[in-house]
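Enquirer:
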Amino acid sequence: MTPQRESLQQYLASRRKLVDETLDRELTAPATAPQSIHEAMRYAVLGGGKRIRPVMAMAAAEACGAAIEPLLKAFAALELIHTYSLVHDDLPALDNDDLRRGRKTTHVVFGEALGILTGDALLTEAFVWMAAPIAGIDAARQLRALRQVAVAVDSKGMIGGQVADIESERAQERSADGEMLMRQLEFIHENKTGKLLTAAAVFGGILAGASDQKLAALHRYGHATGLAFQIVDDLLDVEGSSAALGKTAGKDVAQGKLTYPSLIGVERAREEAARLLQVAVDNADMIAGPLNYLADIARYICERRS
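The sequence shown begins at 1 in this note's numbering and counts up by one.
Here it is in structure tokens:
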């Protein structure tokens with residue numbers, strides 16, 4: 001029987017609820033010694049967020065015909081990785097921000113040392129969760145899925161993108177070579193943001209037992225959606241308010257970061273996001289599963305205002 005199709009908002013709300021319940025249940029209790037680190041971990045993770053990465057993994061798995069209940073802990077681990085990256089991004093040595101998800105950043109509340117250690121703990125905990133045996137999935141497939149995520153966030157993936165982002169600050173003041181700057185910008189976006197989103201989609205597909213053809217479509221979908229996500233972030237940094245975004249608006253401009261609006265202008269940035277959205281939708285439509293919200297999620301990412 002084909003599952004009844006909810007609206008996208010109902011789907012997102014129900015899947016976020018599953019992620020939030022899993023995170024709350026599986027994160028170490030705050031009273032566990034040392035209390036400070038466990039309180040900080042829960043503060044960082046449970047303070048809101050759209051949960052896009054685990055929801056994308058869930059949507060990919062469901063589009064490929066899998067039941068998501070046995071996979072929830074593994075999918076929720078993606079949020080731990082994402083949150084770790086935000087906690088570290090906000091540190092004084094990096095973006096030095098005091099607002100995240102509409103409240104004080106982790107290092108502001110718990111101190112810089114605990115901010116660093118909270119990020120370390122969340123990343124480690126994520127791999128503990130992903131490595132836990134999953135009923136009905138053989139170890140080789142689970143290892144393949146886990147490796148997909150690990151490679152996405154290593155020094156040639158998300159960390160490499162973060163390094164390039166730091167090193168490119170004020171790049172437009174140092175160089176007028178538009179082509180070189182665009183290559184730098186694409187590298188940053190593809191690695192800092194795009195690779196974990198791509199990995200989330202493929203992660204869900206692998207755990208669902210998807211064919212190589214579907215996994216390739218998921219990879220193209222995730223890649224396009226990930227790049228579009230960051231372009232939209234760039235646009236919101238220019239056009240949005242801190243209250244709406246839940247983080248400090250205008251930081252990219254203030255820090256002289258390479259962004260699509262600064263390099264090619266707002267209108268061309270919107271056009272590129274629209275082009276990438278179409279690539280994502282075309283590939284989502286190749287996965288004719290019983291419950292496929294992938295295209296809707298890509299549209300939601302590109303049309304969001306926060």
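Quick reminder that beta carbons are idealized off the backbone N, C-alpha and C, glycines included.
What you are looking at is a predicted structure, and each value in this text was computed from that prediction instead of being measured.
With DSSP as the reference, please indicate the residues paired to residue 99 in a beta bridge.
Expert: Within the sequence shown, residue 99 is the residue found at index 99, counting from 1. Partner(s): 104.
Enquirer: Can you list, in chain order, the residues of its chain with a C-beta nearer than 8 angstroms to that of residue 150? Leave out the 5 residues immediately preceding and following it.
Expert: Taking the first residue of the sequence shown as position 1, residue 150 is located at position 150. Listed in chain order, the non-local C-beta contacts of residue 150 below 8 angstroms within the same chain comprise 127, local neighbours out to five positions each way being set aside.
Enquirer: Label residue 261 either buried or exposed according to how many other C-beta atoms from any shown protein chain fall within 10 Å of its C-beta, with 16 as the threshold for buried.
Expert: Here residue 261 refers to the residue found at position 261 of the sequence shown. Residue 261 is buried by the Cβ-count criterion.
Enquirer: Apart from the five residues just before and just after residue 125, which ones in its own chain have a Cβ nearer than 7 angstroms to its Cβ?
Expert: Working through the sequence shown from its first residue, we reach residue 125 at position 125. Excluding positions up to five away in sequence, the list reads 80.
Enquirer: By the DSSP assignment, the alpha helix (DSSP H) with residue 186 in it spans what residues?
Expert: In the sequence shown, counting from the first residue as 1, residue 186 sits at position 186. Per DSSP, residue 186 belongs to the alpha helix (DSSP H) from 178 to 188.
Enquirer: Counting pairs of beta carbons, one from the segment 27 to 43 and one from the segment 174 to 193, are three or more of them closer than 8 angstroms?
Expert: no
Enquirer: Starting from the Cα of residue 179, find the closest Cα among 112, 219, 258 and 218 and give me that residue.
Expert: If you number the sequence shown from 1, residue 179 lands on position 179. Of 112, 219, 258 and 218, the smallest CA-CA separation from residue 179 is found for 258.
Enquirer: Alpha carbon to alpha carbon, how far is residue 263 from residue 232? Give it in angstroms, no decimals.
Expert: Numbered from 1 along the sequence shown, position 232 holds the residue referred to as residue 232. Numbered from 1 along the sequence shown, position 263 holds the residue referred to as residue 263. Going by the C-alpha atoms only, they are around 14 angstroms apart.
Enquirer: Tell me the rounded alpha-carbon separation between residue 109 and residue 292.
Expert: Stepping through the sequence shown from its first residue, residue 109 is reached at position 109. Stepping through the sequence shown from its first residue, residue 292 is reached at position 292. Straight-line Cα distance between these residues: approximately 40 angstroms.
Enquirer: Terminal residues of the continuous alpha helix (DSSP H) containing residue 285?
Expert: On the sequence shown, position 285 is the one that residue 285 refers to. Residue 285 -> no alpha helix (DSSP H), and no H or E assigned at all.
Enquirer: In whole angstroms, what separates the C-alpha of residue 237 from that of residue 105?
Expert: As a first step, residue 237 is located in the sequence shown; it is residue number 237 there, counting from the start. As a first step, residue 105 is located in the sequence shown; it is residue number 105 there, counting from the start. Each residue's alpha carbon lies about 18 angstroms from the other.
Enquirer: On the criterion of 16 or more Cβ atoms from any shown chain inside 10 Å, does residue 271 qualify as buried, or is it exposed?
Expert: Locating residue 271 in the sequence shown gives position 271, where the first residue counts as 1. Counting Cβ neighbours within 10 Å, residue 271 comes out exposed, since fewer than 16 surround it.
Enquirer: Which ranges does the alpha helix (DSSP H) cover as unbroken runs of at least 4 residues, wholly within the segment 3 to 90, from first to last along the chain?
Expert: 8 to 26, 35 to 45, 52 to 63 and 72 to 89
Enquirer: How would you label residue 54, buried or exposed, when you count the other beta carbons within 10 angstroms and need 16 or more for buried?
Expert: Locating residue 54 in the sequence shown gives position 54, where the first residue counts as 1. Under this definition residue 54 is a buried residue.
Enquirer: What's the call for residue 61, buried or exposed, on a 16-neighbour Cβ count within 10 Å?
Expert: On the sequence shown, position 61 is the one that residue 61 refers to. The residue is buried, with at least 16 neighbouring Cβ atoms inside 10 Å.
Enquirer: Report the CB separation of residue 269 from residue 280 in whole angstroms; it is logged as a contact under 8 angstroms.
Expert: If you number the sequence shown from 1, residue 269 lands on position 269. If you number the sequence shown from 1, residue 280 lands on position 280. At roughly 17 angstroms, the Cβ-Cβ gap does not stay under 8 angstroms, so residue 269 and residue 280 are not in contact.
Enquirer: Would you tell me roughly how many angstroms separate the C-alpha atoms of residue 1 and residue 66, rounded to the nearest one?
Expert: Within the sequence shown, numbered from 1, the residue matching residue 1 stands at position 1. Within the sequence shown, numbered from 1, the residue matching residue 66 stands at position 66. With a pLDDT of only 48 at residue 1, under the threshold of 50, the placement of this residue in the model should not be trusted; the figure read from the coordinates follows. Roughly 14 angstroms separates the two Cα atoms.
Enquirer: Mind reading off the beta-carbon distance from residue 317 to residue 222? Whole number of angstroms is fine, and I expect it under 8 angstroms.
Expert: Outside the shown range of the chain, which is 1 to 306, sits residue 317, and nothing can be said about it.
Enquirer: In its own chain, which residues sit with a C-beta less than 7 angstroms from the C-beta of residue 22, not counting the 5 before and 5 after it?
Expert: The residue you call residue 22 lines up with position 22 of the sequence shown. Same-chain partners within the cutoff: 72, 73 and 76.
Enquirer: Would you call residue 5 buried or exposed, if buried means 16 or more other Cβ atoms sit within 10 Å of its Cβ?
Expert: Indexing the sequence shown from 1 puts residue 5 at position 5. Per the 10 Å Cβ criterion, exposed.
Enquirer: Would you identify the three-state DSSP class for residue 293, choosing helix, strand or coil?
Expert: Here the question's residue 293 lines up with position 293 in the sequence shown. Three-state DSSP puts residue 293 in coil, outside helix and strand.
Enquirer: Can you check whether the CB of residue 91 is closer than 8 angstroms to the CB of residue 116?
Expert: What you label residue 116 is simply residue 116 of the sequence shown in a count that begins at 1. What you label residue 91 is simply residue 91 of the sequence shown in a count that begins at 1. Yes, the pair counts as a contact, with Cβ atoms nearer than the cut-off.
Enquirer: Given a threshold of 16 other Cβ atoms within 10 Å of its Cβ, counted over all protein chains shown, does residue 165 qualify as buried or as exposed?
Expert: As a first step, residue 165 must be located in the sequence shown, where it is residue number 165. Counting Cβ neighbours within 10 Å, residue 165 comes out buried, since at least 16 surround it.
Enquirer: Taking the alpha-carbon positions, what's the residue 181 to residue 171 distance?
Expert: Taking the first residue of the sequence shown as 1, we reach residue 181 at position 181. Taking the first residue of the sequence shown as 1, we reach residue 171 at position 171. Straight-line Cα distance between these residues: approximately 8 angstroms.
Enquirer: Between which two residues does the alpha helix (DSSP H) carrying residue 134 extend?
Expert: Along the sequence shown, read from residue 1 onward, the residue named residue 134 stands at position 134. For residue 134, no alpha helix (DSSP H) segment is defined, and its DSSP state is neither H nor E.
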